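For the protein sequence lines, the chains are G and W, in the order given.
For the first sequence, this note's numbering assigns the number 1 to the initial residue and increments by one for each residue that follows.
For the second sequence, this note's numbering assigns the number 264 to the initial residue and increments by one for each residue that follows.
Structure, as structure tokens:
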Amino acid sequence: MTSAAPATQAGTDVLRTDHISKRYGAVTALLDVNLRLARGEVLGLIGDNGAGKSTLLKILCGFQAPDAGRIVLNGQDVALSSVDHARSLGIEAVYQDLALINQLSVYHNMFLNRERIRWPLLSNRTMKRLARQYLDDMGVNIPSVEVPVASLSGGQRQAIAVARSVFTQAKILLLDEPLAAMGAKEAALILDLIRDLKGRGDVSIIVIAHNYGQVLEICDRVNLLQHGMIMLDKPSRETSVQELNDIVVEEYRRALESRQRST
Amino acid sequence: MSDITEQHAGAVGVPAIGRWRWIGQGARIFARQREATIFVVAAALFAYFAVTNSSFTSEANLVVLSQDIAPIIIIAIGEVLLLICGEIDLSVGFIYAFAPFMMHYMIDDGVPVLPAILIALLLGLAAGWFNGFLTVTLGLPSFITTLGTGFLLYGLMLTTSHAEPVIPPSSAAGAGKWLGSYSWSMIIWAVALLAIFHVVLTRTRWGLHTVATGGNLLGAREAGINVGRIKYGNFMITGLLGALVGLQVAFQTNDIDPLAGGYQPMFYAVTAAVIGGTAMLGGSGTMIGALLGSIVLGVLTDGFTVIGISANPLPIIFGGAVLIAMIANVQLSRLRESGRMK
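Below, the structure is given as structure tokens:
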């Protein structure tokens, strides 16, 4: 088990949690979690349902405060008071495509509340051009930026939601199951996008996912959460789907046995 | 001669296929516009009444028609904005009824004409603000809050006026001409306002944020849009427009009537908006659609009178039109989303 990152590494870590704990009544959701995210790194966060992934995400995006421990952003302690506060610091969670406005065009969604204006009118042409350019740069393939997002596939919408966050200056992206309920082609679109972001070097990403194969494919490192603790912290190339599966299955078997013993 | 033959041959020869394709393409582009169906209906109704009875297109009748349509258009502008952002104002017809009395009281108390008119308009704005306060700040559904404020305004108007009609003050006749007593002034106001709000809805931040608020309230809030402000603003616009229509109709009919306004203008406006393609659940709608919807309602009402058929079955047609429009909207958007009408 890993403990807190050594001080020498602190400089490269863009985000770190020090001994974070969180309880909901009698349930311990997180226990002494030391997570670190290096600049430009893609970190996979895996674990069964109830392992604490969502709780950790909620704490990192400012939705909830931890009971104990601290969050260190770029070497400085921060108390994330709200989602808006976290976002102003460049941390943004992307929940599937829920934040998009289906009726609006792709480029209006990209620029929502940050519109380019030539008072009193919207500079639609400028926004179209910039959105097109930006999505092309990111390798997000959509037929046109002028179609309403309702007409796009789930993967395309997800890609636009992710692209928008980065577009609006997010430096740390928290992607909550970006690949859930997606076909192979759709998933490939998102994986490509994450790879592209990794190439930029200035965006760091935490991906919560269930498909170990996909996680190992795009993530530099994986953290496996179990019972609110990080049970494994390894670079992707030093582990395998087999090993991750074994840990989870082993845990399941042990739990089953202890239950049988107690009955 | 040979030139002519050649040209003639050309016109019916190969290019004719091109022309058909061009027409087909034009028709498809036209059909893709959300307002296409309602435009066809409006034009067909107009043509039908014009052919059936020549007096339908007489100037006298066109003036009457325009005065029937204008109030629906102006109120529909407000309702379209509200419906798009997920709200509705049932009280606007009572603002309509109260505003001219307000102006009358002011002028009676010695307030000059223009400030009196302004105060009457501000009453509309204030009523809209109050609707916003109840809906946004206190978090009540606008269907209920505006029902309440409607009764409130109606009661205030009846109490203060003793339910007696009055005639607009003669000192206001000059302003009245601008607002409504000149034959075409109401429709000019209506079309000008519609044009302005068409631009507001389609080309400004306000319009974009109105659509975003109604399309996905959480998403809009997530993006940092002050959705409360958008709703307040659209309630206030609707209130202001309601007061304006009340004043206009008072001048046009030279009568300030406690029976004016009420629910009917609001229902007509909402009907016009809906048959013009505005979604009752928010997120989409157009001013052009509301204009065409208003024309359909006005032409039907006026047309029946002109050709001398009893107006009793009119509500059947209106009801049918609303239902057909809703069904068509749902089916068409399904078609569009499935990509069959690309």
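No residue lacks a Cβ here, since even glycine has one placed at the ideal position from N, Cα and C.
None of these values were measured; they are calculated from a predicted model.
Of all residues in the stretch 78–103 of chain G, only Leu98, Ala99, Leu100, Ile101, Asn102 and Gln103 come within less than 7 Å of chain W when Cβ atoms are compared, listed by chain position. C-alpha of glycine 482 of chain W to C-alpha of cysteine 348 of chain W: approximately 13 Å in a straight line. Approximately 6 Å separates the beta-carbon atoms of valine 355 of chain W and threonine 501 of chain W; this is inside 8 Å, confirming the contact. Taken residue by residue, none of the stretch 171–187 of chain G has a beta-carbon sitting less than 7 Å from a beta-carbon on chain W. Taken through DSSP and simplified to helix, strand or coil, alanine 574 of chain W comes out as coil. In this structure, leucine 104 of chain G lies near glycine 478 of chain W, with their beta-carbon atoms less than 8 Å apart.
At least 8 Å separates the CB of isoleucine 142 of chain G from every CB of chain W.
For glutamate 115 of chain G, the neighbours in chain W by C-beta distance under 7 Å run, in chain order, Arg468 and Leu471.
If you draw a straight line from the Cα of proline 528 of chain W to the Cα of threonine 534 of chain W, it comes to about 10 Å. Taking 8 Å as the upper bound for CB-CB distance, leucine 122 of chain G and glutamate 115 of chain G are in contact here, some 6 Å apart. Rounded to the nearest whole angstrom, the C-alpha separation of alanine 333 of chain W and alanine 536 of chain W is 14 Å. Contacts with chain W (Cβ-Cβ distance below 8 Å) from the stretch 116–130 of chain G involve Ile117, Pro120, Leu121, Leu122 and Asn124, listed in chain order. Assignment of threonine 17 of chain G by DSSP, reduced to helix, strand and coil, places it in the strand class. Here DSSP, grouped into helix, strand and coil, assigns leucine 152 of chain G to coil.
The DSSP-derived three-state label of tyrosine 24 of chain G is strand. By the neighbour-count criterion, in which a residue is buried when 16 or more other Cβ atoms sit within 10 angstroms of its Cβ, proline 404 of chain W is exposed.
Under the 8 Å criterion on CB atoms, leucine 112 of chain G is classed as interfacial with respect to chain W. Between leucine 174 of chain G and valine 249 of chain G, the CB-CB gap reaches or exceeds 8 Å. In this structure, the straight-line span from the alpha carbon of alanine 305 of chain W to that of leucine 456 of chain W is close to 20 Å.
Per DSSP, reduced to three states, the secondary structure at glycine 75 of chain G is coil, with no helix or strand assignment. The contact set of histidine 227 of chain G on chain W, defined by CB atoms closer than 9 Å, is empty, because the minimum CB distance reaches about 32 Å.
Of all alpha-carbon atoms in G/Gln133, G/Leu56, G/Phe167 and G/Ala150, the one lying nearest the alpha-carbon of methionine 110 of chain G is that of G/Phe167. The beta-bridge partner set that DSSP reports for glutamate 485 of chain W is empty. Of all residues in the stretch 16–46 of chain G, none has a C-beta nearer than 8 Å to a C-beta of chain W.
Scanning the stretch 90–142 of chain G from its first residue to its last, the whole beta strand (DSSP E) runs of 3-plus residues come out as 91–95. Residues are counted here when their Cβ sits less than 8 Å from a Cβ of chain G; for the stretch 479–493 of chain W these are Asn479, Leu481, Gly482, Ala483, Glu485, Ala486, Gly487 and Ile488, given in chain order. Distance from the CA atom of asparagine 223 of chain G to the CA atom of arginine 492 of chain W, rounded to whole angstroms, is 43 Å. The three-state reading of DSSP puts glutamine 260 of chain G in helix, counting H, G and I together.
Listed along chain G is no residue with a C-beta nearer than 7 Å to that of alanine 458 of chain W; the closest approach is about 14 Å.
Non-local beta-carbon contacts of valine 490 of chain W in its own chain, meaning distances under 7 Å to residues more than five positions away in sequence, involve Thr476, Leu480, Ala483 and Arg484 in chain order.
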